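Taken in sequence, the protein lines are chains W and U.
Counted the way the working numbering counts, the first sequence spans residues 3 to 184.
Counted the way the working numbering counts, the second sequence spans residues 3 to 184.
Glycine is no exception: its CB is placed at the ideal position from the N, C-alpha and C atoms.
All values derive from a computational prediction rather than experimental measurement.
Just below is one structure, and these are the notes that go with it.
Number of protein chains: 2
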Amino acid sequence: MTMDRQLLLLGLLRAQEMHGYQLNEFIDEQMNFCVDLKRSTAYYLLDKLCRDGYVAEEVEREGNRPERKVYRITPTGEERFQELLRQNLAAYEPSVYAEDIGIIFEHQLAPDESLRLMRMRREAILAHRATMEALHVSLPPSHTAVIEHHLLHLDAEITWIDRLIATRSSHASPQATDTASS
Amino acid sequence: MTMDRQLLLLGLLRAQEMHGYQLNEFIDEQMNFCVDLKRSTAYYLLDKLCRDGYVAEEVEREGNRPERKVYRITPTGEERFQELLRQNLAAYEPSVYAEDIGIIFEHQLAPDESLRLMRMRREAILAHRATMEALHVSLPPSHTAVIEHHLLHLDAEITWIDRLIATRSSHASPQATDTASS
DNA sequence: GGGCGCATGTAATGAGTTACATGATTGA
DNA sequence: TCAATCATGTAACTCATTACATGCGCCC
């Protein structure tokens, strides 16, 4: 949602004033694993925050480099940050999962094929989990809680797909049942 | 994503041809817990599926009731369904979680308040979990896998927030630490 | 005749992305 | 001088939602 992106930008600018490019770099390098925010969208949002009075922009130029707009949070923005943060921490927004739709219709495929596809998904999840674990050591400890959050959800996803694979296996042809363990 | 909504509509129409209102009712009553699809959006998507040749519409009127457009899947639509289903089952799309953003800045609140807010969220999650469990018995067995999916993710969410609450508790004032157990 | 249910939409808006445009500096 | 990096944006588009519009039938 929009509010979370607003919270993110305000929170980052609160810690340190920045220009757009710098902010984008930071997000791309440090937060790509938990937020999805395109560069132009960030510029667009910064502009909006500015129009709403939550941040102030000041044009600056350093030597002969291209001019940059430095954004810093305003007192109204600080209030907004507090409000959004409290809201975010206290609320729970039920998610929708794309996986659910497929599962509703899954039984319309032959068990063998269905199994094959679900095993592919399983591999994809495991691969993603491995990269998350790697981040665990490479990123600063401030990210630990976030990474653990992702790992827990990934484990939930694995548990679920494993159950599905197990129940489907009992309906599949004997050859197909064993492919994963070979 | 769009593709999953397309898959959903095609899958439902594949099982049984329907008119828009009927489809909307079905989704609202049987699937509101796992998909979020507004009525006008459904009409809009049906129209789009029609223009793309995946479904055919036929105007029908029963007695004197308002006329309705009955949609049924075409052979191209059937192919599309197969393709989307296979794609959905085999792929894993990493999620982004709104909760992550709040946690990144959580330590900027006083531990007492942070705790209070996280406990509120915990309650909200538990409440939602209870309604999910209730669905478990009230909905047809075809939904079992989907509900279990949600329950697993909800449990992950609870485990996570409990850990956060536990670590935060050690920094909070003694009175605040115990509020939940009273 | 008044309100509810059936049935379909449109118009306006918002949120976000993609692809492109611009122009300067730096280093090979 | 050519490519890469720094830095900012716009224009066009898609997707989805909200709020509203319409009109008939049915039942009290």
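Under the DSSP assignment, W/V148 falls in the alpha helix (DSSP H) whose first and last residues are T146 to S171. Among the residues facing chain W, U/H173 is not included, as its CB has no counterpart in that chain under 8 Å away. Spanning the alpha carbons of U/A168 and W/W162 requires a straight line of approximately 27 Å. In the structure shown, the three-state DSSP call for U/Y99 is coil. Looking at the DSSP output, U/K71 shares a beta bridge with U/V61. Residue-level contact by beta carbon holds for U/V148 and chain W, with a gap shorter than 8 Å. The C-alpha of U/F107 is placed about 15 Å away from the C-alpha of W/Q32. Taken through DSSP and simplified to helix, strand or coil, U/M33 comes out as coil. Rounded to the nearest whole angstrom, the CA to CA distance from U/L47 to W/R74 is 42 Å. When C-beta distances to chain W are compared with 9 Å, the residues of the segment 85 to 109 of chain U below that value are L86, L87, R88, Q89, N90, L91, A92, A93, Y94, E95, P96, S97, V98, Y99, A100, E101, D102, I103, G104, I105, I106, F107, E108 and H109, in chain order. In chain order, I127, H130, R131 and M134 place their CB closer than 7 Å to the CB of U/L156, counting only its own chain and leaving out the 5 sequence neighbours on each side.
When Cβ-Cβ separations below 8 Å define contact, U/H155 makes contact with chain W. Annotation: the continuous alpha helix (DSSP H) that includes W/Q84 extends over P77 to A92.
Under the Cβ criterion (8 Å, minimum of three pairs), the segment 83 to 97 of chain W does not count as touching the segment 34 to 48 of chain W. Taking C-beta atoms under 8 Å as the contact rule, W/E62 and W/R70 qualify, at a distance of about 6 Å. Within the segment 24 to 39 of chain U, the residues whose Cβ lies closer than 9 Å to some Cβ of chain W are M33, F35, C36, V37 and D38, listed in chain order. One finds L91, A92, A93 and Y94 in chain W with Cβ atoms closer than 7 Å to the Cβ of U/R123, taken in chain order. A residue is called buried when at least 16 other Cβ atoms come within 10 angstroms of its Cβ; U/N26 meets this threshold and is buried. Non-local beta-carbon contacts of W/L51 in its own chain, meaning distances under 8 Å to residues more than five positions away in sequence, involve Q8, L11, L12, V57, Y73 and G79 in chain order.
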